Amino acid sequence: MRGHRRALLILAATLVLFAALLIPRDTPPSPEALRSPLRRLVQEAPPGTPRPVLDENVGMVSHLQQQATIAVSRQSRRLPLLRGYTEARRLLATAAAAADEALQAMATQQASARQEAMTRIALAQEALLNARVVGARVHLQPAGRQALIQQEIALEEAQRNLTRGDYDAAIRKAGQVLSGSRREQENAARTLARLRDQTTVALWRRWVDQTVAWSRRQSSTALVVDKAGHRLLLYDSGRLLTTFDIDLGLDPIPDKLHEGDNATPEGRYHVSQVRDGDNTRYHRAFLLDYPNDEDWVRFKQARGEGRFPSETQIGGLIEIHGYGGRGDDWTNGCVALTNPEMDFLDGWVKKGTPVTIVGALPMAPGDGLSGPAAGASSPH
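To convert a position in the sequence shown, counted from 1, into my numbering, add 1187.
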């Protein structure tokens, strides 16, 4: 009997010990807690955070979370009484702290990027405005105007990127607008500088004065073309009779140097042929004696300097012709007026009529006329 009681006591003690071993002394983090740091990082990441930055932080927090999960799994395979989740909780706390730090860093970075984007956009707006202002003063050629339109479109895209929080894209677009607008502004400024060069302007003035003086002495007609002003001036007996708006070559401001440069030449020329009917595609045309001796000198010098391929020709067939009045520069270097204006000029112009073309003429002899054909009528 005594032996039987002793056996029962041993069994009971064994059961108690075994039950104690089955009672966990520590509880693991919940599955929700194990997923929390990474989920919060992804959900609370600032809008527009660059993908590489987010991916780097996600990778770091995800690694710590996985380590915590592995630590939980490892302890779960031990006897409950022996299980301890201190390491798992430490890793999980480290993951949570890393997520907090990453969120703070990304927020700071995004705030800085937003400020930089706003600054770049403001600079781009100013550069584009300046390019428009300077470009308007030199009558930008179509390619230049198209470039500014493209900059306006890019600027609008930069502003949309800023609104949706894509600051890196806004910075890139604004940078493109800034460099493109400055490039067009510099091109226009170089052109404007040429039109203001005192030596060049004095030469143009001398040409015009000599042409008007000839008209006065000979009691004859002379034409003056002011490229920057986009006007043709009709003189007779030294008196300014009228002015006409004109279209020029696609690259109107530079002096013509060679065939295919789409520039309108500058110099003192004469009408070598009056064309109409089947002799011209442009209603009426006054063919000029371009190139003259001075044009040949400049052409040969430029070719010798290697400024264009050696096989390039000097060109010719520069005319004053009809089908103009488009309000744009579209010719290959010619001067274009409307057909009725060419009909009017045909009454004044003949073979040998002087035609002086200058880059700019701020104040022409006899300026002050108000409108085309004012006080002028055909002599025929």
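Note that the Cβ used here is the ideal one computed from N, Cα and C, for glycine as well.
Please read all numbers here as calculations on a predicted model, not as lab measurements.
Rounded to a whole number of angstroms, what is the C-alpha to C-alpha distance between residue i and residue j?
i	j	result
Gln-1252	Ile-1308	41 Å
Trp-1535	Phe-1431	14 Å
Ser-1407	Gly-1425	8 Å
Leu-1410	His-1445	23 Å
Leu-1269	Val-1259	13 Å
Gly-1520	Thr-1543	15 Å
Val-1229	Gly-1271	30 Å
Leu-1209	Glu-1274	For Leu-1209, the pLDDT reaches just 49, beneath the cut-off of 50, and the residue's location in the model is therefore unreliable, although a value from the coordinates is still provided. Between Leu-1209 and Glu-1274, the C-alpha separation is close to 21 Å.
Val-1240	Arg-1494	49 Å
Ile-1242	Gln-1254	For the record, residue 1242 in the displayed sequence is Asp; it is not Ile. Distance between the alpha carbons of Asp-1242 and Gln-1254 is about 18 Å.
Val-1399	Gln-1385	21 Å
Asp-1423	Gly-1546	22 Å
Ala-1289	Ser-1263	31 Å
Leu-1532	Gly-1454	20 Å
Ala-1207	Thr-1214	Any answer about Ala-1207 is weak, because its pLDDT of 48 lies below 50 and its placement is not dependable; what the coordinates show is given next. Distance between the alpha carbons of Ala-1207 and Thr-1214: 15 Å.
Gln-1338	Arg-1369	11 Å
Asp-1463	Glu-1481	29 Å
Asp-1396	Asn-1374	30 Å
Arg-1351	Ala-1298	13 Å
Ser-1249	Thr-1236	18 Å
His-1567	Trp-1391	Summary for His-1567: the model assigns pLDDT 42, below 50, so the residue's position carries little reliability, and this model does not support an answer.
Short check: CB of residue i to CB of residue j, under 9 Å?
i	j	result
Ala-1294	Met-1247	no
Ala-1292	Tyr-1354	no
Leu-1335	Ala-1318	yes
Gln-1372	Gly-1416	no
Glu-1528	Gly-1512	yes
Asp-1568	Leu-1421	No information on residue 1568 is available, as it lies outside the stretch 1188 to 1567 that the chain covers here.
Asp-1448	Arg-1485	no
Leu-1427	Pro-1552	yes
Arg-1381	Ile-1433	no
In the DSSP assignment, what are the bridge partners of residue i?
i	result
Arg-1462	Ala-1472
Thr-1518	Gly-1436
Phe-1431	Leu-1419
Asp-1413	Arg-1418 and Val-1545
Glu-1231	DSSP, once it has assigned bridges, lists no residue as partnering Glu-1231.
Ile-1507	Phe-1473 and Val-1522
Take residue i as the anchor and find which of the options has the nearest alpha-carbon.
i	options	result
Tyr-1456	His-1470, Lys-1538 and Arg-1462	Lys-1538
Asn-1526	His-1417, Thr-1256 and Arg-1468	Arg-1468
Ile-1507	Ala-1415, Leu-1342 and Ala-1523	Ala-1523
Leu-1379	Leu-1548, Arg-1193, Ala-1304 and Arg-1192	Leu-1548
Gly-1436	Pro-1216, Ala-1450 and Asn-1466	Ala-1450
Leu-1316	Arg-1332, Gln-1302, Ala-1304 and Glu-1303	Arg-1332
Pro-1216	Leu-1279, Asn-1244, Ala-1330 and Gly-1235	Leu-1279
Arg-1403	Ile-1257, Pro-1496, His-1250 and Pro-1541	Pro-1541
Leu-1365	Val-1388, Arg-1347, Ala-1389 and Ala-1304	Ala-1304
Original post:
So, do the segment 1508-1525 and the segment 1356-1372 have three or more beta carbon pairs nearer to each other than 8 Å?
Top reply: no
**OP:** Assess, as a yes-or-no matter, whether the segment 1458-1475 is touched by the segment 1499-1513 under the definition of 3 or more beta carbon pairs within less than 8 Å.
**Re:** yes
Subject >> Touching by the beta-carbon criterion (3+ pairs, under 8 Å), the segment 1334-1347 and the segment 1223-1237 >> reply: no
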